[in-house]
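Colleague: The structure follows.
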Amino acid sequence: MAARGSYAKGIAKRDEILTTALEVIATHGYRKTSLRELATAVNLSQTGLLHYFGTKEDLFIAVLRKRDEVDTETYGLGSGKVIGIEALLNVVRHNIDVPGLVHLYTQFSAEASDASHPAHHFFQERSAYFRRMITTSIEAQQAAGTLPPALDGEDIAMLMIASSDGLQSQWLLDDTIDMVGGLTRLWEALTRK
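The opening position of the sequence shown corresponds to residue 4 in our numbering, with each subsequent residue numbered one higher.
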């Protein structure tokens, strides 16, 4: 019985660490967030913190996973759901409020193009998931007659994701960039009847 209690406590502590890390990184940025700061915020030593994740990179990958879980729940992006462009734009709107997480995502996604990076597999899975989700949404809208049937849903999904990632990078360099407006105009151009 004690093992189950310890296991549950470990899961709860890990979740507390991730929730705290999301808040701290969103505000301060991941480069300005030290392990010591995170450990102190959750009443652990740095060694105790890493016990739950192994390495700093693994912690940041877990933070990105947690961010996706929260966004999926908050903005209705769950598996198998048909979503509209507005749900995706809501995530982008939210990203404006969490520049530190956007920077972490952008940095790790670039580094993860190297197959030896610890986040490589995470970004491969994430990319495939969001491409499928957007493609499925487009195909459902085509079946409902709200989008032209001749559109290639996979191509549009790839272009929307690539544009979203690119706009985030541009926005990190110049926060006057209108990410939502840019994606909205792209969507309208790609899906015009």
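C-beta: ideal position from N, C-alpha, C; glycine also. The model shown is predicted, which means the values in this text are computed figures rather than measured ones.
1) Could you tell me which whole alpha helix (DSSP H) segments of length 4 or greater appear in the region 137-184?
2) Taking the Cβ atom as the reference point for each residue, do Gly-51 and Ala-42 lie within a distance shorter than 8 angstroms?
3) For Phe-111, which residues in the same chain have their Cβ closer than 6 angstroms to its Cβ, ignoring the five residues on either side in sequence?
4) Please return the same chain residues whose Cβ sits closer than 7 angstroms to the Cβ of Thr-109, not counting the five positions on each side in sequence.
5) Excluding five sequence neighbours on each side, which residues of the same chain lie with their C-beta closer than 7 angstroms to the C-beta of Ala-5?
6) My assumption, with CB atoms under 8 angstroms, is that Ile-64 sits in contact with Phe-125. Please give the rounded CB distance.
7) Do you know how far the Cα of Val-66 is from the Cα of Ala-24?
8) To which residues of the same chain is Ala-115 closer than 6 angstroms at the C-beta, ignoring the five residues directly before and after it?
9) If you follow the alpha helix (DSSP H) that Leu-80 is part of, which residue opens it and which one closes it?
10) Is the Cβ-Cβ distance between Thr-187 and Leu-150 less than 8 angstroms?
11) Identify which residue in Asp-177, Tyr-10 and Lys-12 has its Cα closest to the Cα of Ile-203.
12) Can Val-183 and Val-95 be called in contact, C-beta distance under 8 angstroms?
13) As a quick exercise: from Lys-196, Thr-179 and Thr-36, pick the residue whose alpha carbon is nearest that of Gly-103.
14) So for Asn-93, helix, strand or coil by DSSP?
15) So, at 8 angstroms on beta carbons, what are the nonlocal neighbours of Glu-157 in its own chain, with the 5 sequence-adjacent residues on each side left out?
16) According to DSSP, is Lys-69 helix, strand or coil?
17) Does DSSP put Asn-46 in a helix, a strand or coil?
18) Using 8 angstroms for Cβ pairs, my map puts Asp-71 next to Arg-17. What's the rounded Cβ distance?
19) Counting along the chain, where does the alpha helix (DSSP H) carrying Ser-116 start and finish?
20) Do you know offhand how far Gly-87's Cα is from Asp-74's?
Modeller: Put simply:
1) 156-176
2) yes
3) Ala-122
4) Gln-171, Ser-172 and Leu-175
5) Confidence at Ala-5 is low in this model, with a pLDDT of 49, below 50, so the placement of that residue should be treated as unreliable; the coordinate-derived value is given next. Excluding sequence neighbours, Ala-5 sits near nothing in its chain.
6) 5 angstroms
7) 7 angstroms
8) Ala-122, His-123 and Phe-126
9) First-last for Leu-80: undefined, no H or E at that position.
10) no
11) With the chain running from 4 to 196 in the structure shown, residue 203 is simply not present.
12) yes
13) Thr-36
14) helix
15) Arg-134 and Thr-138
16) helix
17) coil
18) No, Asp-71 and Arg-17 are not in contact; Cβ-Cβ is about 16 angstroms, not under 8 angstroms.
19) Element bounds for Ser-116: n/a, residue is neither H nor E.
20) 15 angstroms
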